[in-house]
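*Asks:*
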Amino acid sequence: MPRFALPRSAQRRCGTTEPNAYTRRLHHAFTPRTHRGRRHPPARKAQTLKFSGRLADFLPREDISCAPQHDLYDGLGPPENRRSVAMRMTPLDVQGHQFARRLRGYDPDEVDAFLRIVSEDYEALVLESAGQNDCIRRLETRIAELSAQEDLLKETLLSAQAMTEELRGSTEREAELRLAEVEVRAEKILDASHRRAAGLAQDIREMRALRVRLAESFRSAAETHLSLLETLETDPEKDPLADGLVEGTVAYLKRKTRHSKPGPNEDSSCLIAREESETG
Numbered sequence: 031m032p033r034f035a036l037p038r039s040a041q042r043r044c045g046t047t048e049p050n051a052y053t054r055r056l057h058h059a060f061t062p063r064t065h066r067g068r069r070h071p072p073a074r075k076a077q078t079l080k081f082s083g084r085l086a087d088f089l090p091r092e093d094i095s096c097a098p099q100h101d102l103y104d105g106l107g108p109p110e111n112r113r114s115v116a117m118r119m120t121p122l123d124v125q126g127h128q129f130a131r132r133l134r135g136y137d138p139d140e141v142d143a144f145l146r147i148v149s150e151d152y153e154a155l156v157l158e159s160a161g162q163n164d165c166i167r168r169l170e171t172r173i174a175e176l177s178a179q180e181d182l183l184k185e186t187l188l189s190a191q192a193m194t195e196e197l198r199g200s201t202e203r204e205a206e207l208r209l210a211e212v213e214v215r216a217e218k219i220l221d222a223s224h225r226r227a228a229g230l231a232q233d234i235r236e237m238r239a240l241r242v243r244l245a246e247s248f249r250s251a252a253e254t255h256l257s258l259l260e261t262l263e264t265d266p267e268k269d270p271l272a273d274g275l276v277e278g279t280v281a282y283l284k285r286k287t288r289h290s291k292p293g294p295n296e297d298s299s300c301l302i303a304r305e306e307s308e309t310g
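For the sequence shown, our numbering gives the first residue as 31, with consecutive numbering after it.
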């Protein structure tokens, strides 16, 4: 099998310069023809076709300018920002293009075979590009939907945060008001407790003073009555008024005992005043 140079597009696709499944398809187009079982004279070397990867290299300039235009997207950014890429040729245009015949030109069979291969690959690329464009449009639509949902979620989150801050502020203000009310109430209760404790302490002091005075009064009365009893025991017949004195003493003690107990509506001050008036 003779050696021949592969096109650059084929080398990029294959990753090697050796013939493979793809290059075997081009073998017929790039292999010199023989006539009657003989090759061409060795004086003329078979020219190697160098393909730059552009279809424009095989087309006349006037044909390119008249070729149909097809809009494709380059796939970058949203549709309104993407550049429109003009597809100059279709697979049918490539396959059905007629070259002008010149003397000592290329072999028509080789050119037709090469154009057929190029048209097939070009058609596959066009279909792949169309599928990718559809996928891009679907993804862009999905991105737009997700962006709208994201904006809605952001607005919802901001409103929820605002409501949370408002509720927190109102709760803090209400808690501060209740705390102030509780503090005022506690101060009032504490003042009342202090006043009541002071009143109870004063009552205790008055009761203790009353107890001391009553004890002294009972002690003096008891001493007086004891001296009187001693006098009566020594000479009971000497005093004709002994019976009257004994009865008077008993009545005095009963009255003293009855008046020494305060009533249900009397306090210690009233009892002290009454005791002083009676003893005076």
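Glycine included, C-beta positions come from ideal geometry on N, C-alpha and C. Since this is a predicted model, take the numbers as computed values, not measurements.
In the DSSP assignment, the alpha helix (DSSP H) including residue 137 goes from what residue to what residue?
*Replies:* The sequence position of residue 137 within the sequence shown is 107, counting from 1. Here residue 137 belongs to no alpha helix (DSSP H), and DSSP marks it neither H nor E.
*Asks:* Using the Cα positions of residue 171 and residue 146, report the straight-line distance between them to the nearest angstrom.
*Replies:* As a working note, residue 171 is residue 141 in the sequence shown. As a working note, residue 146 is residue 116 in the sequence shown. For residue 171 and residue 146, the distance between alpha carbons rounds to 37 Å.
*Asks:* What separation, rounded to the nearest whole angstrom, lies between the Cα atoms of residue 250 and residue 238?
*Replies:* As a working mapping, residue 250 is identified with position 220 in the sequence shown. As a working mapping, residue 238 is identified with position 208 in the sequence shown. For residue 250 and residue 238, the distance between alpha carbons rounds to 18 Å.
*Asks:* Under 7 Å between the Cβ atoms of residue 149 and residue 128?
*Replies:* For the purposes of this step, residue 149 is identified with residue 119 of the sequence shown, where counting begins at 1. For the purposes of this step, residue 128 is identified with residue 98 of the sequence shown, where counting begins at 1. Their beta carbons are not under 7 Å apart, which means residue 149 does not touch residue 128 by this criterion.
*Asks:* Can you have a look at residue 138 and say buried or exposed, based on whether 16 or more other CB atoms are within 10 angstroms of its CB?
*Replies:* On the sequence shown, position 108 is the one that residue 138 refers to. Per the 10 Å Cβ criterion, exposed.
*Asks:* Between which two residues does the alpha helix (DSSP H) containing residue 125 stretch?
*Replies:* As a first step, residue 125 is located in the sequence shown; it is residue number 95 there, counting from the start. It spans 121 to 126 - the alpha helix (DSSP H) in which residue 125 sits, taken as one unbroken run.
*Asks:* What separation, rounded to the nearest whole angstrom, lies between the Cα atoms of residue 311 and residue 258?
*Replies:* Nothing in the structure corresponds to residue 311, since the chain is present only between 31 and 310.
*Asks:* When the Cα atoms are used, what is the spatial distance from residue 236 to residue 247?
*Replies:* Within the sequence shown, residue 236 is the residue found at index 206, counting from 1. Within the sequence shown, residue 247 is the residue found at index 217, counting from 1. The alpha-carbon atoms of residue 236 and residue 247 are separated by roughly 16 Å.
*Asks:* Could you tell me the distance, in whole angstroms, from the CA atom of residue 187 to the CA atom of residue 200?
*Replies:* One-based indexing of the sequence shown puts residue 187 at position 157. One-based indexing of the sequence shown puts residue 200 at position 170. Just so you know, the alpha carbons of residue 187 and residue 200 end up roughly 20 Å apart.
*Asks:* If contacts are defined as beta-carbon pairs under 8 Å, then residue 158 and residue 121 qualify, I think. What distance do you get, rounded to the angstrom?
*Replies:* Within the sequence shown, numbered from 1, the residue matching residue 158 stands at position 128. Within the sequence shown, numbered from 1, the residue matching residue 121 stands at position 91. Rounded, the Cβ-Cβ distance is 13 Å, inconsistent with contact.
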